[in-house]
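To start, the structure under review is shown below, and the notes come after it.
Next up, the structure:
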């Protein structure tokens with residue numbers, strides 16, 4: 113949902129704000145520019161004229177909406193009626209339908225190569241009924257409903273066009289504010305993924321959906337963008353494309369890093385406030401890291417820091433700290449060069465099921481609390497291992513944990529068959545079976561599980577059952593320690 117305030121009128125829209133088309137793109141397929149002499153319009157000029165007339169008509173209808181004072185309930189009701197009338201305008205609906213076809217083609221629907229041309233000509237010749245009867249047109253409208261296409265310039269034309277239908281020189285919203293969804297690439301469905309990779313600079317290699325919203329928000333504003341997003345992209349491999357976009361844009365004005373402070377109660381996510389300004393045009397950024405309570409951050413001063421270029425990682429520090437870090441980097445040896453391997457631990461994709469807390473060992477069985485069933489359970493010990501989470505890792509001491517991980521694999525890392533699991537580990541099987549429907553629904557087109565009770569990334573047990581140095585995936589200081597065999 114997006115809410116906008118235009119001349120004291122509050123308007124709300126819902127839809128997939130990452131998927132849509134600019135009507136100018138739809139009506140820009142002008143064909144051969146060389147043209148027609150003797151005062152005749154070229155095809156491109158004709159399309160431009162059609163676009164101008166259509167948008168001028170739409171803007172005229174929206175001006176009647178914005179002329180209402182919106183000070184009383186009666187005004188609000190009048191605005192609602194006028195807005196419904198605008199949305200019901202035939203020409204406006206035709207433009208939305210054209211944008212739907214244009215987007216559906218990019219989404220993989222098979223439409224005629226000259227579909228934009230046919231629709232533009234039908235719009236100009238008042239023969240729209242001929243278009244509405246076409247199967248490809250009907251399929252595009254159905255897809256638009258299913259995928260919830262959202263065409264920004266048509267939904268909010270007053271932010272992009274003048275009264276005469278010409279695009280404003282500084283088109284866009286005064287401000288874009290958001291808390292975008294955080295969705296990893298493996299959880300993005302294939303059709304969306306293909307579309308995003310066509311349309312967004314950030315949609316490269318590994319990426320997260322919030323990066324696309326960052327790019328979209330920036331391109332929609334004439335002034336400022338403010339978003340709350342994970343701070344993991346500062347240095348992560350999955351953040352490379354977003355860093356490249358932000359570094360090269362030179363439009364990042366300020367960053368408020370919440371570090372290890374939790375803003376959301378429902379999930380452990382390390383976040384930051386990212387502010388961009390159209391026209392900033394500088395690698396210099398105002399930065400502050402919140403080390404105390406969140407309320408104190410308001411009066412905490414910023415320091416000046418500098419972003420790099422390309423996919424350079426973000427090390428946001430002041431000038432003195434920058435000199436120290438540079439000296440360390442010049443004289444030290446990269447950690448990766450002196451290790452056998454660096455790897456992420458086991459990823460189950462269902463920790464509430466596979467990780468038991470507050471465990472106690474009772475001979476051949478263990479008891480522990482399961483978040484999945486919200487109760488204490490008892491299962492066989494032999495398929496469990498001590499489990500260390502990032503929050504269990506601290507400086508100067510080995511990790512302490514009372515949690516255990518259900519690991520349905522043999523000593524070589526091969527998944528145990530369901531029959532063997534049921535026969536040899538009946539309590540464990542019964543417990544997992546109770547969550548089978550939830551476990552089976554995990555994954556996506558890009559995340560396929562070997563079985564309903566498998567882990568997403570089980571790792572080879574020889575890798576984690578040995579001496580090692582461990583650290584959390586996201587840390588703001590040296591939270592590193594030594595750990596012996598986990599058993």
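In this note's numbering, the protein residues as written are 113 to 599.
A virtual CB, placed ideally from N, CA and C, is assigned to each residue, including glycine.
**Prompt:** So the alpha helix (DSSP H) residue 302 belongs to, where does it begin and stop?
**Reply:** Against the chain shown, residue 302 aligns to sequence position 190. Here the alpha helix (DSSP H) through residue 302 covers 302 to 311.
**Prompt:** If you check the beta carbons only, do residue 357 and residue 327 fall under 8 Å apart?
**Reply:** Position 245 of the chain shown, counted from the start, is the residue given in the question as residue 357. Position 215 of the chain shown, counted from the start, is the residue given in the question as residue 327. The Cβ atoms of residue 357 and residue 327 lie closer than 8 Å to each other.
**Message:** In whole angstroms, give me the CA-to-CA distance for residue 275 and residue 177.
**Reply:** Taking the chain shown and counting its residues from 1, the one referred to as residue 275 is at position 163. Taking the chain shown and counting its residues from 1, the one referred to as residue 177 is at position 65. Cα atoms of residue 275 and residue 177: separation of roughly 13 Å, rounded to the nearest angstrom.
**Request:** Look up residue 398 in the DSSP assignment and say whether it is helix, strand or coil.
**Result:** Here residue 398 is taken as the residue at index 286 of the chain shown, counted from 1. In this structure, residue 398 counts as strand in the three-state DSSP scheme.
**Message:** Can you find the residues in the same chain that come closer than 6 Å, C-beta to C-beta, to residue 323, ignoring five residues on each side of it along the sequence?
**Reply:** By one-based count along the chain shown, residue 323 stands at place 211. 314 and 354.
**For residue 334 and residue 608, believed in contact at Cβ under 8 Å, the rounded distance** = In this structure the chain extends from 113 to 599, so residue 608 is not present and cannot be described.
**Request:** Mind reading off the beta-carbon distance from residue 320 to residue 301? Whole number of angstroms is fine, and I expect it under 8 Å.
**Result:** The residue labelled residue 320 in the question sits at position 208 within the chain shown. The residue labelled residue 301 in the question sits at position 189 within the chain shown. Not a contact, Cβ separation roughly 15 Å.
**Start-end ranges of the alpha helix (DSSP H) lying completely within the stretch 328 to 388, minimum 4 residues** = Along the length of the stretch 328 to 388, whole alpha helix (DSSP H) runs at least 4 residues long occupy 352 to 361, reported in chain order.
**Asked** If you pair each beta-carbon of the stretch 436 to 446 with each one of the stretch 459 to 476, do three or more pairs fall below 8 Å?
**Response** Counting Cβ pairs under 8 Å, fewer than three are found: no touch.
**Item:** Sequence ranges, alpha helix (DSSP H) only - wholly within the stretch 449 to 485, length at least 4
**Value:** Qualifying alpha helix (DSSP H) stretches, in chain order: 463 to 466.
**Item:** Contacting residues, own chain, Cβ-Cβ under 6 Å from residue 337 (five flanking each side not counted)
**Value:** On the chain shown, residue 337 is found 225 positions in, with the first residue counted as 1. Counting only Cβ-Cβ distances below 6 Å, and skipping sequence neighbours, we find 288, 329, 330 and 388.
**Message:** Quick check on the DSSP output: the beta strand (DSSP E) that includes residue 215 runs from which residue to which?
**Reply:** To locate residue 215, count along the chain shown from 1; it is residue 103. First-last for residue 215: 202 to 218, but that is the alpha helix (DSSP H), not the beta strand (DSSP E).
**Beta bridge counterpart(s) of residue 391 as assigned by DSSP** = Here residue 391 corresponds to residue number 279 of the chain shown, with the count starting at 1. Answer is none; residue 391 lacks a bridge partner.
**Message:** Would the stretch 578 to 589 count as touching the stretch 512 to 526 if we require 3 or more Cβ pairs under 8 Å?
**Reply:** Remark: fewer than three beta-carbon pairs, one from each stretch, lie closer than 8 Å, so the stretch 578 to 589 and the stretch 512 to 526 are not flagged as touching.
**Message:** Less than 8 Å between the beta carbons of residue 341 and residue 368, yes or no?
**Reply:** Start at 1 with the first residue of the chain shown, and residue 341 comes out as number 229. Start at 1 with the first residue of the chain shown, and residue 368 comes out as number 256. Judged by their CB atoms, residue 341 and residue 368 are not nearer to each other than the 8 Å cut-off.
**Asked** What's the C-alpha gap between residue 537 and residue 375?
**Response** What you label residue 537 is simply residue 425 of the chain shown in a count that begins at 1. What you label residue 375 is simply residue 263 of the chain shown in a count that begins at 1. If you take the alpha carbons of residue 537 and residue 375, they lie about 41 Å apart.
**Request:** Please report how far the alpha carbon of residue 247 lies from the alpha carbon of residue 455, in whole angstroms.
**Result:** Your numbering for residue 247 matches position 135 in the chain shown. Your numbering for residue 455 matches position 343 in the chain shown. Annotation: residue 247 to residue 455 spans about 51 Å, alpha carbon to alpha carbon.
**Asked** Taking the alpha-carbon positions, what's the residue 490 to residue 484 distance?
**Response** Counted from its first residue, the chain shown places residue 490 at position 378. Counted from its first residue, the chain shown places residue 484 at position 372. Whole-angstrom Cα-Cα distance: 14 Å.
**Request:** Return the chain-ordered ranges of every beta strand (DSSP E) run that is complete within the stretch 498 to 563 and spans a minimum of 3 residues.
**Result:** Counting only runs of 3 or more, we get 516 to 518.
**Item:** Assigned secondary structure, residue 409 (DSSP; H/G/I helix, E/B strand, else coil)
**Value:** The count along the chain shown starts at 1 and reaches residue 409 at position 297. DSSP places residue 409 in helix when its eight states are reduced to three.
**Request:** Identify, in the order they occur along the chain, each residue of the same chain with its Cβ nearer than 7 Å to the Cβ of residue 502, setting aside the five sequence neighbours on each side.
**Result:** To locate residue 502, count along the chain shown from 1; it is residue 390. Within the same chain, residue 502 has close Cβ partners 584 and 585.
**Item:** Among 290, 286, 458 and 451, the one whose alpha carbon lies nearest that of residue 571
**Value:** For the purposes of this step, residue 571 is taken as residue 459 along the chain shown, with counting starting at 1. With respect to the C-alpha of residue 571, the residue from 290, 286, 458 and 451 having the closest C-alpha is 458.
**Message:** Just verifying my parser: in three-state terms, what is the DSSP assignment at residue 129?
**Reply:** If you number the chain shown from 1, residue 129 lands on position 17. Note: residue 129 maps to coil in three-state DSSP.
**Message:** Let's see if you can read the secondary structure: which residues bound the alpha helix (DSSP H) around residue 233?
**Reply:** The residue given as residue 233 occupies position 121 in the chain shown. Start and end: 227 to 237.
**Item:** the stretch 343 to 354 in contact with the stretch 399 to 413 per 3-pair CB rule at 8 Å
**Value:** Taking 8 Å as the limit for Cβ pairs, the verdict is that the stretch 399 to 413 does not touch the stretch 343 to 354.
**Message:** Assuming the contact rule is C-beta atoms closer than 8 Å, residue 229 and residue 347 should be a hit. Round their C-beta distance to whole Å, please.
**Reply:** The count along the chain shown starts at 1 and reaches residue 229 at position 117. The count along the chain shown starts at 1 and reaches residue 347 at position 235. About 48 Å separates the CB atoms of residue 229 and residue 347; that is not less than 8 Å, and the two are not in contact.
**Message:** In whole angstroms, give me the CA-to-CA distance for residue 144 and residue 422.
**Reply:** Position 32 of the chain shown holds residue 144. Position 310 of the chain shown holds residue 422. The pLDDT assigned to residue 144 is 44, lower than 50, so where the model puts this residue is not dependable; a value taken from the coordinates is nonetheless given after this. Roughly 38 Å between the two C-alpha positions.
**DSSP three-state assignment for residue 187, whether helix, strand or coil** = Position 75 of the chain shown holds residue 187. Residue state, collapsed to three classes: helix.
**Item:** residue 583: first and last residue of the uninterrupted beta strand (DSSP E) it sits in
**Value:** Taking the chain shown and counting its residues from 1, the one referred to as residue 583 is at position 471. It spans 580 to 583 - the beta strand (DSSP E) in which residue 583 sits, taken as one unbroken run.
**8 Å Cβ cutoff met for residue 234 and residue 164** = Along the chain shown, one-based indexing puts residue 234 at 122. Along the chain shown, one-based indexing puts residue 164 at 52. The answer is no: Cβ separation not under 8 Å.
**Prompt:** Considering only residues of the same chain and omitting the five flanking positions on each side of residue 128, which have a CB-CB separation below 7 Å?
**Reply:** Along the chain shown, read from residue 1 onward, the residue named residue 128 stands at position 16. Hits under 7 Å: 259, 260, 261 and 262.
**Asked** Which of helix, strand or coil does DSSP assign to residue 431?
**Response** Taking the chain shown and counting its residues from 1, one reaches residue 431 at position 319. Shown here, residue 431 sits in a helix according to DSSP, grouped into three states.
**Request:** Mind checking which residues open and close the alpha helix (DSSP H) that includes residue 135?
**Result:** Translated into positions along the chain shown, residue 135 becomes position 23. It spans 135 to 138 - the alpha helix (DSSP H) in which residue 135 sits, taken as one unbroken run.
**Request:** Going by DSSP, name the residue or residues bridged to residue 279.
**Result:** Here residue 279 refers to the residue found at position 167 of the chain shown. Residue pairing from DSSP places residue 279 in a beta bridge opposite 273.
**Request:** Going by DSSP, name the residue or residues bridged to residue 420.
**Result:** In the chain shown, residue 420 corresponds to position 308, counting from 1. Within the DSSP secondary-structure output, residue 420 pairs in no beta bridge.
**Request:** Along the beta strand (DSSP E) that carries residue 286, what are the first and last residues, could you check?
**Result:** The sequence position of residue 286 within the chain shown is 174, counting from 1. That run of the beta strand (DSSP E) goes 285 to 290.
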